[in-house]
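Participant: Next up is a structure, given as structure tokens.
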Amino acid sequence: MAEFDHFKHFSSISSTNRYGIELIAKSNPPAFTVISADFQTEGVGQIGSEWVSIPGANLLMSIILYPDFINAKEPFKLHFITSLACTELLRQFIKDERIQIKWPNDILVDRKKIAGLLIKNTFSGNHVKNSVVGIGMNVNQDDFDKYLFNATSLKMVSDKEYNISDLRIDLYGHLKRFYNLAENGKSLKEIYLTYLFGYDEDFSFFDLVDQEYKRGIIVDVLCTGELVVEVEGVERKYDFKQIKFLLNEE
Ligand code: BTN
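Counting from 1 along the sequence shown, just add 70 to a position and that's the residue number in the working numbering.
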């Protein structure tokens, strides 16, 4: 397919991310190799959870990168790149104000999760050696299991069906563009923050370290990945999985 530099598509696969990781382990796949699937039998989500998606309905893709311009202390730059590629894709169909990024791995529309990111990095010395960037975006699925009550899809938020191959090409194009900007030294954090849920606005969360409900304002996201939240005038840094957002509280 001319739109991609290197493309492998499967009607069914265990997980595009797992395939990407195995490919790197046994060969030297070119940068920007895209692995996509109509269906994953063992789609991987965050912290060992499953990523469930009905056959042919959604966007499931992983991209192999060698972002050696990214310092090992700043791996979250890949989240800036990938999150913005997703928001940019969604902007083609949905008003900007409905789209948000929920730190660290979720993309929301109307406060419901439309996409999730799974980024696996390998480091060499002081830089990122390779990265498998997995994106799962709900597109034409309009019915989710009860436990996924906070899930949504492009179809559900816009009442339209989409061509998954076209979306895949567009998403890839956006990702490449943001990647190139980052490689050329552009900081993407400022744009990222404009989409960030809780940035510069009061939000409720459960602090898993202190085991307490709190209200705060996000004041920054560091390139390390840490979230900086101001609670009662005091700034505090949180690592992945130290915060649970309470999305539907005001
Ligand atoms: C999350 O839990 O929010 C992250 C979900 C990531 C899912 C995508 S789908 C394509 C790629 N392959 C996988 O097995 N997982 C990622």
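The C-beta atom is built at its ideal place from N, Cα and C for all residues, glycine as well.
1. Could you check which residue in 273, 133 and 311 has the C-alpha nearest to that of residue 279?
2. Where does the unbroken beta strand (DSSP E) through residue 305 begin, and where does it stop?
3. Over the uninterrupted alpha helix (DSSP H) stretch that includes residue 181, give me the two end residues.
4. Under the criterion of a Cβ to heavy atom distance below 7 Å, does residue 130 qualify as lining ligand 1?
5. Give me, in chain order, the residues of the same chain whose beta-carbon lies closer than 6 Å to that of residue 289; leave out the 5 immediate sequence neighbours on both sides.
6. Under a Cβ-count criterion, where at least 16 other Cβ atoms within 10 Å of its own Cβ denotes burial, should residue 107 be classed as buried or exposed?
7. Hey, is the region 250 to 268 in contact with the region 163 to 171, meaning 3+ C-beta pairs nearer than 8 Å?
8. Skipping 5 residues on each side, what residues in its chain have a beta carbon closer than 8 Å to that of residue 123?
9. In the DSSP assignment, what are the bridge partners of residue 232?
10. From residue 141 to residue 252, what does the alpha carbon distance come to, in whole angstroms?
11. Examine ligand 1 and report whether any of its heavy atoms sits within less than 7 Å of the Cβ of residue 236.
12. With DSSP collapsed to three states, give me the class of residue 242.
13. Would you identify the three-state DSSP class for residue 275, choosing helix, strand or coil?
14. Does the Cβ of residue 304 have 16 or more other Cβ atoms within 10 Å, making it buried, or fewer, making it exposed?
15. Among the residues of its own chain, which have a CB less than 6 Å from the CB of residue 277, if the five just before and after it don't count?
16. How many Å lie between residue 263 and residue 292 at the Cα?
17. Give a yes or no on whether the C-beta atoms belonging to residue 157 and residue 184 are separated by under 8 Å.
18. Is the region 132 to 141 touching the region 86 to 100, taking contact as three or more C-beta pairs under 8 Å?
Facilitator: The short version:
1. 311
2. First-last of the beta strand (DSSP E) with residue 305: 304 to 308.
3. Careful: residue 181 lies outside any alpha helix (DSSP H) and carries neither H nor E.
4. yes
5. 298 and 300
6. buried
7. yes
8. 109, 110, 113, 130, 206, 208 and 211
9. According to DSSP, residue 232 bridges with nothing at all.
10. 12 Å
11. no
12. helix
13. strand
14. exposed
15. 284
16. Residue 263 and residue 292: Cα-Cα distance of roughly 11 Å.
17. no
18. yes
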